[in-house]
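Protein chains in written order, with this note's numbering: chain A, 1 to 216; chain B, 217 to 304; chain C, 305 to 416.
Please read the structure below before turning to the comments.
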Amino acid sequence: MPHDHDHFHHEGLSPSGHPYRADDDIALSYWQRMEIAVRELLIEKGVTTPAEIAGQIAAMDARSPADGARVVARAWTDPAFRDRLLADGSAACREMGFDIGALNLIAVENDAATHNVVVCTLCSCYPRNLLGLPPDWYKSRAYRSRTVREPRKVLAEFGLDLPDDVTVRVHDSTADMRYIVVPARPRGTEGWDEERLAALVTRDSMIGTGLPRPPT
Amino acid sequence: MTERVRVKSWAPPGHVRTPAYLRGRIGKIERPLGRFANPEQLAYGLAAEAVPLYRVRFRMADLWGDAAERPEDTLDAEIYAHWLEPAP
Amino acid sequence: MTSDPHSNWHDMGGAESGPIHRDGHDYALWEKRVDALMVLCSSKGLFTVDGLRRALEEMGEDAFESMSYYERGIAANNRNLIGAGVYTTAELAERMDRVGRRGDTYGEAQHD
């Protein structure tokens, strides 16, 4: 079974919930030598500092799909927020207090008749300032090549079979926008609060390659 | 920009953000996005002009013909204005 | 559809391809450092994300097939930094040599 990547970030652990790979005993590669050399040169030339680098790593580590899940949960419970989110995704995220930097976010909403899925065919653009770093498969040749041409087949490989009365909309992040899919709220969640709803929202459901967890 | 647009069939070398699979295709403006610095200039360290950017929606049938899984499924992409021309 | 496969290999939308492998990996510290350097250097105006993408494209398809995402990332980052005059090729070469002499593992090499 593929590893479940829906665990969100835990303090000191990687987004999958596992500790970071221990670098110390990795055999040094050419490109790792370059990373160390570049970093040291940048520090010595006053471009950056070790603290600034560590701070940027921490800032990226702090971002995870849990943030996007909270945005989705609010959209599910607050129709006026949902309207604002669809009109200006970035403003809505900032309204919730998320530090998304220069992210230009467009939220696209699933419903009974529409399913959205996001890809970047030209490189791997992803709303990282909201959701954290993308999964490896999102950056793969297969995903980037096939999703714009045969999205239903791709989604079926992710376990998602869509009927013919649903329209699939693929979004190719070719320029300055980044995308988040607002999945349809699962049935059987009437009266749930935002925190409980957010726990159902998976990373893949916000990319469009999955659905939220059903209520248990 | 007109509502219906065709993506130019240009095929330049160098850094561009108009995917090959969209060139020559006709779609509809889904929404204007405002002006953004031209990546074709930014990529070379040049001062960049601000260019209008549009989300353009294409029917899968118009991209892939009979190979489309479902003709009315859509593909939305962001295309810079200088890559678009009016379509009938 | 592309006229120049050498410059447009990265433009993969619609191309044939195989199954999508969904196993991922936990990011190593050195990869997170590469990511941080890419963000910091572009935010400081040394180069743009567009310049990074262009460098990645110019590295060619073999690089995409044979190098990992962050190996390509540091390679592209470096090209842009040399292009911006932040350090010279000779400075980089000398430092990479020195780093390599510190030891055989990343752990040893990251400490002077």
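Think of the CB as a built atom: it goes at the ideal place given N, C-alpha and C, for glycine as much as any other residue.
Which residue or residues does DSSP assign as beta-bridge partners of Thr-409 (chain C)? The residue given as residue 409 (chain C) occupies position 105 in the third sequence. A:Ala-27, per the DSSP bridge assignment.
For Gly-250 (chain B): DSSP bridge partner residues: In the second sequence, counting from the first residue as 1, residue 250 (chain B) sits at position 34. Per DSSP, the beta-bridge partners of Gly-250 (chain B) are B:Leu-269.
Applying the 10 Å Cβ sphere with the 16-neighbour rule, what's the burial state of Tyr-30 (chain A)? Within the first sequence, the letter at position 30 stands for residue 30 (chain A). So Tyr-30 (chain A) ends up on the exposed side.
Taking 8 Å as the threshold (beta carbon to beta carbon), is Asp-83 (chain A) in contact with chain B? Residue 83 (chain A) sits at position 83 when you count from the first residue of the first sequence. No, its Cβ sits nowhere closer than 8 Å to a Cβ of chain B.
Does any residue of chain A bring its CB to less than 8 Å from the CB of Glu-375 (chain C)? Looking up residue 375 (chain C) in the third sequence gives position 71. Taking Cβ atoms only, chain A reaches closer than 8 Å to Glu-375 (chain C), which makes this a yes.
Contact criterion: CB-CB distance below 8 Å. Does Gly-349 (chain C) meet it with respect to chain B? Against the third sequence, residue 349 (chain C) aligns to sequence position 45. Closer than 8 Å: no.
Along the chain, where does the beta strand (DSSP E) that runs through Ile-295 (chain B) open and close? The residue given as residue 295 (chain B) occupies position 79 in the second sequence. First-last of the beta strand (DSSP E) with Ile-295 (chain B): 290-296.
If we ignore side chains and look at the alpha-carbon of each, how far apart do Trp-76 (chain A) and Cys-93 (chain A) end up? On the first sequence, position 76 is the one that residue 76 (chain A) refers to. On the first sequence, position 93 is the one that residue 93 (chain A) refers to. Rounded to the nearest angstrom, the two C-alpha atoms are 14 Å apart.
Can you confirm whether Arg-94 (chain A), when its beta carbon is compared against all beta carbons of chain B, has any partner nearer than 8 Å? Within the first sequence, residue 94 (chain A) is the residue found at index 94, counting from 1. No, its Cβ sits nowhere closer than 8 Å to a Cβ of chain B.
Buried or exposed for Lys-336 (chain C), going by 16 or more other Cβ atoms inside 10 Å? Here the question's residue 336 (chain C) lines up with position 32 in the third sequence. With 16 or more other Cβ atoms within 10 Å, it is buried.
Under DSSP, the alpha helix (DSSP H) around Arg-144 (chain A) begins and ends at which residues? Counting from 1 along the first sequence, the entry for residue 144 (chain A) is found at position 144. Looking at the DSSP string, the run of the alpha helix (DSSP H) that includes Arg-144 (chain A) is 141-146.
In chain C, what lies closer than 7 Å to Leu-130 (chain A) by C-beta? Residue numbering aside, residue 130 (chain A) sits at position 130 when the first sequence is read from its first letter. Chain C residues near Leu-130 (chain A): none, gap ~15 Å exceeds 7 Å.
Could you work out which residues of chain C lie near Pro-255 (chain B), taking near to mean beta carbons separated by less than 7 Å? Position 39 of the second sequence, counting from 1, holds the residue named residue 255 (chain B). Ordered by position in chain C, the residues that pass the 7 Å Cβ test against Pro-255 (chain B) are Asp-354.
Could you give the distance in angstroms between the alpha-carbon of Asp-6 (chain A) and the alpha-carbon of Pro-302 (chain B)? Here residue 6 (chain A) corresponds to residue number 6 of the first sequence, with the count starting at 1. Here residue 302 (chain B) corresponds to residue number 86 of the second sequence, with the count starting at 1. With a pLDDT of 39 at Asp-6 (chain A), under the threshold of 50, the modelled position of that residue is not reliable, and the figure given next carries that caveat. If you take the alpha carbons of Asp-6 (chain A) and Pro-302 (chain B), they lie about 44 Å apart.
Can you name the residues of chain A whose CB is closer than 7 Å to the CB of Glu-395 (chain C)? Reading the third sequence from its first residue, position 91 is the one you call residue 395 (chain C). Correct list: Leu-41.
Inspect the beta-carbon positions of Ala-198 (chain A) and Ala-73 (chain A) and report whether they are closer than 8 Å. Within the first sequence, numbered from 1, the residue matching residue 198 (chain A) stands at position 198. Within the first sequence, numbered from 1, the residue matching residue 73 (chain A) stands at position 73. Going by C-beta atoms, Ala-198 (chain A) is nearer than 8 Å to Ala-73 (chain A).
Please confirm whether Asp-366 (chain C) has its beta-carbon closer than 8 Å to some beta-carbon of chain A. Along the third sequence, one-based indexing puts residue 366 (chain C) at 62. Not an interface residue.
Under the three-state DSSP convention, the category Tyr-126 (chain A) falls into: For the purposes of this step, residue 126 (chain A) is taken as the residue at position 126 of the first sequence. Tyr-126 (chain A) falls in the coil class under three-state DSSP.
Distance, Asp-289 (chain B) Cα to His-231 (chain B) Cα: Residue numbering aside, residue 231 (chain B) sits at position 15 when the second sequence is read from its first letter. Residue numbering aside, residue 289 (chain B) sits at position 73 when the second sequence is read from its first letter. When rounded, the distance between both Cα atoms is 29 Å.
Going along chain B, which residues have a C-beta under 7 Å from Asn-381 (chain C)? To locate residue 381 (chain C), count along the third sequence from 1; it is residue 77. Neighbours of Asn-381 (chain C) on chain B: none; closest Cβ ~14 Å, over 7 Å.
Could you give the DSSP three-state label for Asn-116 (chain A): helix, strand or coil? To locate residue 116 (chain A), count along the first sequence from 1; it is residue 116. Strand.
Unbroken alpha helix (DSSP H) run spanning Leu-77 (chain A), endpoints: By one-based count along the first sequence, residue 77 (chain A) stands at place 77. A small fix is needed here, since residue 77 (chain A) is Thr in this sequence, not Leu. Where Thr-77 (chain A) is concerned, the enclosing alpha helix (DSSP H) stretches over 65-77.
Quick one: does Ala-142 (chain A) have its CB under 8 Å from some CB of chain C? Position 142 of the first sequence, counted from the first residue, corresponds to residue 142 (chain A). Closer than 8 Å: yes.
Give a yes or no on whether 8 Å exceeds the smallest Cβ distance from Val-117 (chain A) to chain C. On the first sequence, residue 117 (chain A) is found 117 positions in, with the first residue counted as 1. By this cut-off, Val-117 (chain A) is not an interface position.
Chain B contact residues for Arg-357 (chain C), given Cβ-Cβ distances below 9 Å: Translated into the one-based positions of the third sequence, residue 357 (chain C) becomes position 53. Those are His-231, Arg-233, Pro-255 and Ala-259, listed as they occur along chain B.
When DSSP builds the beta bridges, which residues end up paired with Ala-107 (chain A)? Here the question's residue 107 (chain A) lines up with position 107 in the first sequence. Answer by DSSP bridge pairing, in chain order: A:Ile-180.
Around the Cβ of Trp-137 (chain A), are there at least 16 other Cβ atoms within 10 angstroms (buried) or fewer (exposed)? On the first sequence, residue 137 (chain A) is found 137 positions in, with the first residue counted as 1. Here Trp-137 (chain A) is buried. Its C-beta has 16 or more other C-beta atoms within 10 Å.
Taking the straight line between their C-alpha atoms, what separation do you get for Pro-65 (chain A) and Phe-98 (chain A)? Residue numbering aside, residue 65 (chain A) sits at position 65 when the first sequence is read from its first letter. Residue numbering aside, residue 98 (chain A) sits at position 98 when the first sequence is read from its first letter. Answer to the nearest angstrom: the Cα atoms are 12 Å apart.
If you run the structure through DSSP and keep just helix, strand and coil, what is Gly-243 (chain B)? Within the second sequence, the letter at position 27 stands for residue 243 (chain B). Gly-243 (chain B): strand per DSSP, three-state reduction.
Extent of the continuous beta strand (DSSP E) run through Val-168 (chain A): Within the first sequence, the letter at position 168 stands for residue 168 (chain A). Segment 167-172, the beta strand (DSSP E) holding Val-168 (chain A).
Mark Asp-111 (chain A) as exposed unless 16 or more other C-beta atoms lie within 10 angstroms of its C-beta, in which case mark it buried. As a first step, residue 111 (chain A) is located in the first sequence; it is residue number 111 there, counting from the start. Flag for Asp-111 (chain A) reads exposed.
With DSSP run on the structure shown, which of helix, strand or coil describes Glu-285 (chain B)? Taking the second sequence and counting its residues from 1, the one referred to as residue 285 (chain B) is at position 69. Note: Glu-285 (chain B) maps to coil in three-state DSSP.
I need the boundaries of the alpha helix (DSSP H) containing Val-353 (chain C), first residue and last residue. Residue mapping note: residue 353 (chain C) aligns to position 49 of the third sequence, counting from 1. Run containing Val-353 (chain C): 353-362, per the alpha helix (DSSP H) assignment.
Nearest by alpha-carbon distance to Tyr-179 (chain A): which of A:Gly-55, A:Thr-167, A:Arg-128 and A:Pro-135 is it? Looking up residue 179 (chain A) in the first sequence gives position 179. Here the closest residue by C-alpha is A:Arg-128.
Pro-290 (chain B) touches chain A at which residues, Cβ-Cβ below 8 Å? Working through the second sequence from its first residue, we reach residue 290 (chain B) at position 74. It should be pointed out that residue 290 (chain B) corresponds to Thr in this sequence rather than to Pro. Neighbours of Thr-290 (chain B) in chain A, taken as residues whose beta carbon is under 8 Å from its own, are Thr-167, Val-168, Arg-169 and Val-170 in chain order.
Does any residue of chain C bring its CB to less than 8 Å from the CB of Trp-219 (chain A)? Because chain A is modelled from 1 through 216, residue 219 (chain A) falls outside the range shown and cannot be assessed.
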